[in-house]
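Colleague: There's a structure below that I have some questions on.
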Amino acid sequence: MAIICLEGASAVGKTTTSNELARMGNTYIVPEVNLLFERPKFEKNTWYLERQVDRWQIAQEKQSEYDLVILDGDIFQPLSYNWCFDFKLYEQSLDLIYNFYQKEINTGNMMFPDKYFYLYTDINNLKKRKENDRARKRRNFEAHLDILEPHRRYYEALNQIEQQFVHLIEAKNIENNAKIIKDNLPSSTPYRDSEGVLDRIKNWLMKNKP
Numbered sequence: 220m221a222i223i224c225l226e227g228a229s230a231v232g233k234t235t236t237s238n239e240l241a242r243m244g245n246t247y248i249v250p251e252v253n254l255l256f257e258r259p260k261f262e263k264n265t266w267y268l269e270r271q272v273d274r275w276q277i278a279q280e281k282q283s284e285y286d287l288v289i290l291d292g293d294i295f296q297p298l299s300y301n302w303c304f305d306f307k308l309y310e311q312s313l314d315l316i317y318n319f320y321q322k323e324i325n326t327g328n329m330m331f332p333d334k335y336f337y338l339y340t341d342i343n344n345l346k347k348r349k350e351n352d353r354a355r356k357r358r359n360f361e362a363h364l365d366i367l368e369p370h371r372r373y374y375e376a377l378n379q380i381e382q383q384f385v386h387l388i389e390a391k392n393i394e395n396n397a398k399i400i401k402d403n404l405p406s407s408t409p410y411r412d413s414e415g416v417l418d419r420i421k422n423w424l425m426k427n428k429p
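All residue numbers for the sequence shown refer to my numbering, where the first residue is 220 and numbers rise by one.
What follows is the structure, given as structure tokens:
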């Protein structure tokens with residue numbers, strides 16, 4: 220069955236939308252890294268990347284048991300996130316991230332999901348939703364607001380890189396998000412050349428500034 224990924228800004232409603240989809244049917248949710256794993260005190264610069272591989276492995280294992288598997292957050296997130304900060308925020312260059320993912324794809328340890336669903340709304344809505352959600356701390360929330368435009372532009376560009384790869388959804392409410400996703404799930408698992416997609420993403424990132 221399909222493995223999809225929900226992406227979008229912090230507080231846009233990825234997790235609550237995922238939970239609504241799970242309520243509607245036989246769905247498994249793979250949480251984001253920071254909810255699944257405890258960060259070590261002294262982490263190497265590929266620790267976060269390695270945990271994304273673990274998330275993909277979980278998704279694949281659950282694929283045979285569930286009608287739908289949702290990645291709550293992109294397993295290739297280090298590409299978009301670091302690009303939004305011009306690869307100056309962490310000690311993770313584009314070459315380091317690319318080489319890591321290329322090796323993992325080549326060895327069959329991970330690949331791109333069947334489809335992305337990108338949720339978006341305006342900055343005022345995000346702030347309100349953050350204020351109303353006391354259950355989560357949302358680290359670096361203000362920094363995430365600063366990259367709203369380039370982050371969305373990256374996922375829009377994925378549709379140029381791979382046709383109909385990303386479905387953008389204006390996140391008005393959770394029920395509507397879930398209905399749109401349910402109505403636009405891939406009917407079959409599409410063949411996707413993950414290595415080729417990764418190469419085209421790298422080329423786009425090199426040619427475009429955030």
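Quick reminder that beta carbons are idealized off the backbone N, C-alpha and C, glycines included.
Could you tell me the alpha carbon to alpha carbon distance between Ile342 and Ile289, rounded to whole angstroms?
Modeller: Taking the sequence shown and counting its residues from 1, one reaches residue 342 at position 123. Taking the sequence shown and counting its residues from 1, one reaches residue 289 at position 70. Rounded to whole angstroms, Ile342 to Ile289 spans 25 angstroms at the Cα level.
Colleague: Along the chain, where does the beta strand (DSSP E) containing Val272 start, and where does it finish?
Modeller: Translated into positions along the sequence shown, residue 272 becomes position 53. Where Val272 is concerned, there is no enclosing beta strand (DSSP E), although the alpha helix (DSSP H) it sits in stretches over 266-282.
Colleague: To which residues of the same chain is Arg274 closer than 6 angstroms at the C-beta, ignoring the five residues directly before and after it?
Modeller: For the purposes of this step, residue 274 is identified with residue 55 of the sequence shown, where counting begins at 1. Taken in chain order, the residues that qualify are Val249, Ile294.
Colleague: Just grab the DSSP bridge partners of Lys334 for me.
Modeller: For the purposes of this step, residue 334 is identified with residue 115 of the sequence shown, where counting begins at 1. Answer by DSSP bridge pairing, in chain order: Ile223.
Colleague: If contacts are defined as beta-carbon pairs under 8 angstroms, then Pro297 and Gln311 qualify, I think. What distance do you get, rounded to the angstrom?
Modeller: In the sequence shown, counting from the first residue as 1, residue 297 sits at position 78. In the sequence shown, counting from the first residue as 1, residue 311 sits at position 92. Confirmed, Cβ separation roughly 6 angstroms.
Colleague: I'd like to confirm the pairing. Which residues does DSSP put opposite Asp291 in its beta bridges?
Modeller: Sequence index remark: in the sequence shown, residue 291 carries index 72 (1-based). Bridge partners of Asp291: Leu225.
Colleague: What residues in its chain sit with their C-beta under 8 angstroms from that of Gln282, if we drop five residues either side in the sequence?
Modeller: Taking the sequence shown and counting its residues from 1, the one referred to as residue 282 is at position 63. Answer for Gln282: Met220, Ile222, Val288, listed in chain order.
Colleague: Asn427: which of Glu262, His370, Val252, Glu350 sits nearest, CA to CA?
Modeller: The sequence position of residue 427 within the sequence shown is 208, counting from 1. Cα-wise, what sits closest to Asn427 is His370.
Colleague: Of all the options Pro429, Phe331, Glu350, Arg411, which has the alpha carbon lying nearest to the alpha carbon of Val231?
Modeller: Translated into the one-based positions of the sequence shown, residue 231 becomes position 12. Nearest of Pro429, Phe331, Glu350, Arg411 to Val231, Cα basis: Glu350.
Colleague: Would the segment 379-392 and the segment 255-272 be scored as touching if the rule is three or more Cβ pairs under 8 angstroms?
Modeller: Segments in contact, no.
Colleague: Can you list, in chain order, the residues of its chain whose CB lies under 8 angstroms from that of Asn245, leaving out five sequence neighbours each side?
Modeller: For the purposes of this step, residue 245 is taken as residue 26 along the sequence shown, with counting starting at 1. Tyr285, Asp286, Leu287, listed in sequence order.
Colleague: Secondary structure at Leu308, three-state DSSP: helix, strand or coil?
Modeller: To locate residue 308, count along the sequence shown from 1; it is residue 89. In the structure shown, Leu308 sits in coil (DSSP, three-state: anything other than H, G, I, E or B).
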